[in-house]
Amino acid sequence: MDIIMILFGIAWAGALFGGFALGNYRENRTHRVPRPLRMFSSLMLVGAAWAWAINAPEAWATLALWVAAGMTFGLIGDLFMARLIIAGEHRVLGGIGAFGIGHVFYIVGILAHANQAALDDTGALLGGWLVWLIVGAGAWFLTVWRTAPTRTTLHIASLPYALLLASTAGLATGLALQSGGFALMALGAALFLLSDLILALELFNDLEFTGIGDVIWLTYGPGQMLIVYTGWLIA
């Protein structure tokens, strides 16, 4: 089992970081990592997540299953955002929907594992959750709402989405306060949220700089990797 997880991890890192190191900017100069390699890197995380879900010991099986389901929807979100399912504004709504479902699955897995592993200290879980909700709401206001010249359905839909991502980070932080290894998952969820805030600046505030797409993927990809691999690393 370990060798399978390692091979998936090597393939993920090779696609994402190798693509960045060896790739070239296209006309819009947003990505060095080619789109096929970005999608492949997410596919490798889906493979790793399901490999762990199938082989995880009983104490970790529930969390692993929900994480695998969440990562699967993460890949679907990537396909939406890459315009491989639909194009135009609806791709963003599709991406938000898919990523949102994925984070619901992450949250269900975290709460189920908290109960199963007796990591259910209310103060830790509730405290971590509330702190990150404040962070998520504040970040949404600053990056999406405050400077929007006009406010659309996307602006409104992005608030519950940001709070959902913040909830994953908050509940993972609650686990980490009780079992230090879950700091990896909390960091992963925080990186996911950070990547989404940068994406929001690009989508809603027209933020542009060379390599912005790579910055998003080099925070998002490691974030998903940490969420997927935490259980295996600390089991």
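If you count the sequence shown from 1, position 124 lands on 702 in this note's numbering, and the numbers rise without skipping. Virtual Cβ for every residue (Gly too), placed ideally from N, Cα, C.
Residue 789 sits in coil when the DSSP states are folded into three classes, being neither helix nor strand. About 7 Å separates the beta carbons of residue 789 and residue 610, which is inside the 8 Å limit, making them a contact pair.
Nearest C-alpha to residue 581 among 674, 633, 652, 768: 633.
8 Å or more divides the Cβ of residue 760 from the Cβ of residue 801.
Counting C-beta pairs with one atom in each stretch, the stretch 590 to 609 and the stretch 643 to 660 have fewer than three that are closer than 8 Å, which means they do not touch. Spatial neighbours of residue 593 in its own chain (CB-CB distance under 6 Å, excluding positions within 5 residues in sequence) are listed in chain order as 615, 618, 619. Between residue 638 and residue 813, the CB-CB gap stays under 8 Å.
Rounded to the nearest whole angstrom, the CA to CA distance from residue 711 to residue 719 is 12 Å. Taking the Cα of residue 697 as reference, the smallest distance to any Cα among 645, 756, 767 is reached at 756. Our two residues, residue 792 and residue 668, have alpha carbons roughly 22 Å apart in a direct line. Of the residues assessed, residue 688 falls on the buried side of the cut-off, its CB having 16 or more other CB atoms within 10 angstroms.
By the beta-carbon neighbour count (other beta carbons within 10 angstroms, threshold 16), residue 579 is exposed. Rounded to whole angstroms, the Cβ separation of residue 626 and residue 586 is 4 Å, and the two are in contact under 8 Å.
Residue 726 and residue 786 have their C-alpha atoms spaced approximately 16 Å apart. Boundaries of the alpha helix (DSSP H) harbouring residue 580: 580 to 591, taken from the DSSP string.
With contacts defined by Cβ atoms closer than 8 Å, residue 681 and residue 648 form a contacting pair. Runs of beta strand (DSSP E) with 3 or more residues, each lying fully within the stretch 682 to 734, are absent.
Cβ neighbours of residue 685 within its own chain (closer than 7 Å, five residues either side excluded): 745, 746, 749. DSSP places residue 800 in the helix class (H, G or I) of the three-state scheme. Under the three-state reduction of DSSP output, residue 806 falls in the helix class.
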